[in-house]
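Notes follow the structure.
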Amino acid sequence: MTDPHSNTAPEAAVLRGVPKQLFIDGKWLDAASGATLAVDDPATGEVLCEVADASPADGALALDAAVAAQPAWAATAPRVRSEILRRAYEIILERTEELARLMTLEMGKPLAEARGEVAYAAEFFRWFSEEAVRIDGGFTTTPDGGNRVLVMRQPVGPCLLITPWNFPLAMGTRKIGPAVAAGCTMVLKPAPQTPLSSLALAGILTEAGLPEGVLNVVTTSDAAGVIEPLLRGGRIRKLSFTGSTQVGRILLAQCADAVVRTSMELGGNAPFLVFEDADLDAAVDGAMVAKMRNMGEACTAANRMFVHRSVAGEFSARLAERMAALTVGPGTEPGSEVGPLIDAAGRGKVESLVRDAVERGATVLTGGRTPDGPGSFYPPTVLTGVPADAELTRTEIFGPVAAVIPFDDEDDVVRAANDTEWGLVGYVFTRDLDRALRVGERLETGMVGVNTGLVSNPAAPFGGVKQSGLGREGGRVGIEEFLEYKYLAIPAGGRRG
Ligand code: ADP
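When the sequence shown is numbered by numbering that gives the first Met the number 0, its final residue is 496 and no position is left out of the sequence of numbers.
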């Protein structure tokens, strides 16, 4: 393996070029305390660089800026907001290579996947640049004819955006895009593992013409300390969070104090159903995408692969062959298809879930052994005959481990698929359209992939039911999350009622 952390171009140039301070009111600032936080390279475990480490006082300053900028930003013409997003979309695409490299360095995903994420991330800006000029209202007469009802939409107000490390760029644009389109100002707090993509994004939006104070970025190792006072303080009007269900619950409780509106994209435990009549080629292709996108570090990852007993052997063998053929290595290395997991803790969790499944009777078809050497690598792994009581059927694996669970009956498998507190996405593979619709309707999830392993698209409403979250991101409804309704009651003919 070459060392992706060596001080050579293009990695060093990309790292040098990215801002490393807090972005508050259009200025790059050190943390008031001068503290910094280390960003590690998961491929080597070494420190890539340091960024500012905000304290609660810095967080308050960022919110001051967002609150001060809100009235003028809300009054900015929709076309102006739209064109800022459109320009930012174009700049992101022009900088695909450097943004992809930056993301690979801080997060670990292979460059090819990082390039894919850059394109996906940019699309949110294009989509919401188109939505910014389509915010409409209404005008009606009440049934008794007494009042005119003038309905308008207004930005909800200053927003707090909290993003995870697994899609460092796309989770930012998926929240910033609709907030900008709706006329909201923002404080963005990226995950401490991957602050660089968000800082680069702030630079790009500034170049695209975003006014001072509209977007503020606060990087911190003290998420709880910085965020809680902001949420309880009564000035934030909206929280958009993507992360674990556990942290989501804490934030929902904090939002209760000041009755803050929330959008929550939380964990998943996706069932992936392969029926006996499925096209097995399509099912294996779909499984590779649904499992291996982002090394399995996705809330949409297929967590439980329920495969009809009559095809489970063949499906598992074919999947194992494909998984075993993948090239594992640092994401910056050409040809690398599976990068390291985010950190040692993430890998430790995957190791213990595999150990538990094997102890309960699962068979390892490929992988399952942690390699020697630096970086938090874990091999693509296929487990068959996974018993229903294995810990990984109730826990997000967040790693490259496919767990195949055989089933016999449609009703039973739908029941098993729904037997979880999560409900983000499910996948159904069958050639029978009736069955696809029937099962698709019965799955308790916000999204269902029918003969596909990929559901994410900026034009579609992404989100879950049950404890996978509240609200939707993307699609026509994505901007709704950042808008309030207001209506003016106007007596007909100017009469007073
Ligand atoms: P993961 O386990 O995948 O890191 P988390 O839910 O812990 O997911 O993190 C998602 C985001 O939430 C990150 O930006 C993280 O810093 C932030 N976060 C974690 N704990 C808190 C908290 N108590 N308050 C606010 N944000 C938090």
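Quick reminder that beta carbons are idealized off the backbone N, C-alpha and C, glycines included.
Owing to the predicted nature of the structure, the values given are computational and were not obtained by experimental measurement.
### Task
For the alpha helix (DSSP H) containing Q245, list its first residue and its last residue.
T244 to D256 is the span of the alpha helix (DSSP H), which, as asked, contains Q245.
### Proximity winner among F240, P339 and A361, relative to D371 (alpha-carbon distances)
Here the closest residue by C-alpha is P339.
### Query
Cβ of A190 versus every heavy atom of the ligand ADP: is any distance shorter than 6 Å?
Taking 6 Å as the cut-off, one finds at least one heavy atom of the ligand ADP near enough to the beta carbon of A190.
### Message
Checking the sheet assignment: what are the DSSP bridge partners for Y426?
### Response
Y426 pairs with F271 and G448.
### Task
Tell me, please, which residues DSSP counts as bridged to P405.
The beta-bridge partner set that DSSP reports for P405 consists of V306.
### Query
Which class does E129 belong to by DSSP, given the choice of helix, strand or coil?
In the structure shown, E129 adopts helical secondary structure according to DSSP, grouped into three states.
### Task
Can you check the stretch 330-372 for any alpha helix (DSSP H) of at least 4 residues that lies completely inside it and give the ranges in chain order?
Taking 4 residues as the minimum length, the alpha helix (DSSP H) runs contained wholly in the stretch 330-372 are 343-358, in order along the chain.
### Query
So Q153 is in the beta strand (DSSP E); what residue range does that whole segment cover?
From DSSP, the beta strand (DSSP E) with Q153 extends over N146 to P154.
#### Entry: Among R80, R292, D24 and P490, the one whose alpha carbon lies nearest that of A65
Here the closest residue by C-alpha is D24.
### Message
Along the chain, where does the alpha helix (DSSP H) containing G171 start, and where does it finish?
### Response
If you look at G171, you'll find it in the alpha helix (DSSP H) that goes A169 to A181.
### Query
Is I396 near the ligand ADP, going by C-beta to nearest heavy atom under 6 Å?
Distances between the C-beta of I396 and the heavy atoms of the ligand ADP are all 6 Å or more.
### Task
Please name the residue or residues paired with V186 in a DSSP beta bridge.
L159 and N215, per the DSSP bridge assignment.
### Task
Using 10 angstroms around the beta-carbon of A169, count the other beta-carbons present and answer buried if the total reaches 16, otherwise exposed.
Burial call: buried.
### Query
Thinking C-beta only, is V213 closer than 7 Å to W72?
Yes; because the gap between Cβ atoms is below 7 Å, this pair is in contact.
### Task
Identify every residue that forms a DSSP beta bridge with F22.
DSSP output for F22 lists W27 and V216 as bridge partner(s).
#### Entry: Residue range of the unbroken beta strand (DSSP E) whose run includes Y88
Looking at the DSSP string, Y88 is not in any beta strand (DSSP E); the run it does join, the alpha helix (DSSP H), is P77 to E93.
### Query
Would you report the Cα separation of G496 and A488, rounded to the nearest angstrom?
Note that G496 scores a pLDDT of 47, beneath 50, so its modelled location is shaky and nothing firm can be said.
### Task
Check whether the Cβ of R86 lies closer than 7 Å to any Cβ atom in chain C.
No chain C appears in this structure, which consists of one protein chain only.
### Message
Does G16 pass the burial test, meaning 16 or more other C-beta atoms within 10 Å, or should it be called exposed?
### Response
Label assigned to G16: exposed.
#### Entry: C-alpha gap between R173 and G470, whole angstroms
Going by the C-alpha atoms only, they are around 13 Å apart.
### Message
Quick test of your reading: I175 and L160, contact by CB under 8 Å. State the CB separation rounded to the nearest angstrom.
### Response
The Cβ separation is near 7 Å, so the contact holds.
### Task
May I ask you to report which of helix, strand or coil DSSP gives E472?
Three-state result, E472: strand.
### Query
Under the DSSP definition of a beta bridge, which residues are partnered with E49?
Bridge partners of E49 according to DSSP: A37.
### Alpha carbon of F481 to alpha carbon of G156, nearest angstrom
One C-alpha to the other measures close to 8 Å.
#### Entry: Straight-line Cα distance separating T162 from F428
Approximately 31 Å between the Cα atoms of the pair.
### Query
Can you tell which of A300, R292 and M151 has its C-alpha closest to the C-alpha of P109?
Distances from the CA of P109 to each of A300, R292 and M151 were compared; the closest alpha carbon is that of R292.
### Task
Quick one: residues in its chain with C-beta nearer than 6 Å to the C-beta of S375, no 5 flanking neighbours on either side, listed in chain order?
Counting only Cβ-Cβ distances below 6 Å, and skipping sequence neighbours, we find P41, P339, L340, D342, A343 and R346.
### Residue closest to G171, alpha-carbon to alpha-carbon, out of E116, V148, V449 and E420
Per the Cα distances, E116.
#### Entry: Which residues DSSP lists as bridging S262, in chain order
S262 pairs with S239.
### Query
With 16 other CB atoms within 10 Å as the buried threshold, where does N302 fall?
So N302 ends up on the buried side.
### Message
If contacts are defined as beta-carbon pairs under 8 Å, then S32 and L265 qualify, I think. What distance do you get, rounded to the angstrom?
### Response
Incorrect: roughly 32 Å between the Cβ atoms, too far for contact.
### Task
Please determine if the stretch 46-61 and the stretch 235-251 are in contact, where contact requires at least 3 C-beta pairs separated by less than 8 Å.
Between the stretch 46-61 and the stretch 235-251 there are fewer than three C-beta pairs closer than 8 Å, too few to call the two in contact.
### Query
How would you label D433, buried or exposed, when you count the other beta carbons within 10 angstroms and need 16 or more for buried?
That one is exposed.
### Query
In chain order, what residues of the same chain lie with their CB nearer than 6 Å to the CB of A323, ignoring the 5 residues before and after it?
So the list reads T365, once near-sequence residues are dropped.
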